[in-house]
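Worksheet: one structure, shown below.
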RNA sequence: GCGCCGAUCGGAUAGCGGCUAUUCCAGUGGACUGUAAAUCCACGGCCCAAUGGGCAUCGGGGGUUCGAGUCCCUCUCGGCGCA
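Residue numbers (my numbering): 844 to 1167.
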């Protein structure tokens, strides 16, 4: 089976990935000497998959798409939880369609986990999310969760690092898996629940382009972008999301908005009068910077990424000329 | 000028005379296999023959004490009050 070539554009937030992707899409035909008729873009952003989260996520507009087809945008209601499994499934479908149509699939986004899940074809266990169980367990302290897991799946529990063994979200998922598998076979559970590290046979041949900036410049860009988002109606967007359906809103609860993180988290706090607008701006700026840092921590592990700076479009196109 | 209060890591804070000076935020580094913009972890003075050890440290100086961030005196700075 032939591997499907893939262009992956990634990097921390506020580095201009979306614009670059569109620009590259326009040059694909020429760069590949007609091998591809064009390109389509698949967004790899865990928040832009939600309908209505536009300004706060910096979602690309129809106009900015310049006619290039985008996938994985607005595919889920923000009231529901989208996850990596759905992302992987949707994306795999999109990739094969794009590829069959003689176009180059471009994955563009900042959610490293989502990108890796697809490109490295990560094999997830088939134990489904159990919201009721999660809710019940979320009351418990990490130490309690850990001892539960130790009983259910000692092998998995022993494999956890210090970070995960104190991480309620991870512990709950581990318990969920252990319970799900033990329904069928208790003995198999321990083995099956441990993630495999052996690489799967890869179906894709990725070229990674990363956009990166020095911290100081990135901080400035983040701050400017935040002010622009506010000017563009970010606050009104959140008000509208919280409105009841009858009033034309989505009836998005404050709790859910909080869980969406960053912009929406602080917007939820602002609209409940928990913080002032000034506080929101200050806190959000540091939070977005920290987010960018976490993104980089993830990307650093991938040595296949070719790093560029925003604005180096010509260099990037030149780089791609010999590779696609 | 007098009185009162305060001065502890980049910021904010805890600290009855007795072990290793607390916590939060920020910062730095990291983890991540079905919530990933989420969630979580580690580190935070200096020096060394570094899985250990040594020396510091609570605005400055002095004192009391076996022992001081903590008590006393004094100086400096800041806040409040009175002049």
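Every residue gets a Cβ at the ideal spot worked out from N, C-alpha and C, and that includes glycine.
Pairwise C-beta distances place the region 867-877 out of contact with the region 1054-1072, as fewer than three of them are shorter than 8 angstroms. At least 9 angstroms separates the beta-carbon of residue 988 from that of residue 950. Its chain contains 848, 850, 871, 874, 875, 878, 879, 947, 1050 as the residues whose beta carbon lies nearer than 8 angstroms to that of residue 1167, once the 5 sequence neighbours on both sides are disregarded; these appear in chain order. For the pair residue 1052 and residue 853, the Cα-to-Cα distance works out to about 6 angstroms.
Excluding the 5 residues flanking it on each side, residue 1048 has same chain C-beta neighbours closer than 6 angstroms at 846, 848, in chain order. In the structure shown, residue 1082 falls within a helical segment according to DSSP collapsed to helix, strand and coil. As DSSP reads the structure, residue 886 sits in a beta bridge with 951.
CA-CA distance, residue 867 to residue 1123, rounds to 36 angstroms.
In terms of CA proximity to residue 1020, 1000 leads the group 1060, 1000, 1149, 1135. In this structure, the CA atom of residue 1002 is about 19 angstroms from the CA atom of residue 970. Measuring C-alpha to C-alpha distances from residue 960 to each of 981, 982, 935, 939 identifies 935 as the nearest. Taking 9 angstroms as the cut-off, the beta carbon of residue 954 is found no closer than this to the beta carbon of residue 1008.
Assignment of residue 851 by DSSP, reduced to helix, strand and coil, places it in the strand class.
Taken through DSSP and simplified to helix, strand or coil, residue 878 comes out as coil. The criterion of a C-beta distance shorter than 9 angstroms is satisfied by residue 885 and residue 938. Contact between the region 906-913 and the region 978-985 is not established, with fewer than three Cβ pairs separated by less than 8 angstroms. Here residue 870 is not bridged, per DSSP, to any residue.
Measuring C-alpha to C-alpha distances from residue 1025 to each of 1006, 1015, 1016, 996 identifies 996 as the nearest.
Looking at 1005, 1066, 881, 1104, the one whose alpha-carbon comes closest to that of residue 865 is 881. In the DSSP assignment, residue 1052 falls outside any alpha helix (DSSP H) and within the unbroken beta strand (DSSP E) covering 1047-1054. By the neighbour-count criterion, in which a residue is buried when 16 or more other Cβ atoms sit within 10 angstroms of its Cβ, residue 1088 is exposed. Following the DSSP letters along the chain, one finds residue 1142 inside the alpha helix (DSSP H) bounded by residues 1120-1143. Listed in chain order, the non-local C-beta contacts of residue 855 below 6 angstroms within the same chain comprise 1135, 1138, 1139, local neighbours out to five positions each way being set aside. Within the same chain, 886, 887, 888 come within 6 angstroms of residue 952 by CB-CB distance, once the 5 residues on both sides are set aside.
In this structure, the straight-line span from the alpha carbon of residue 973 to that of residue 921 is close to 18 angstroms. Taken through DSSP and simplified to helix, strand or coil, residue 956 comes out as helix. If you draw a straight line from the Cα of residue 1129 to the Cα of residue 1149, it is about 27 angstroms long. At least 9 angstroms separates the beta-carbon of residue 975 from that of residue 1055.
For residue 956, the closest C-alpha among the options 1117, 1145, 1116 is that of 1145. For residue 1151, the enclosing beta strand (DSSP E) covers residues 1148-1151. Taking a cut-off of 8 angstroms for Cβ pairs, the region 1095-1111 and the region 1156-1167 do not touch, as fewer than three such pairs fall below it.
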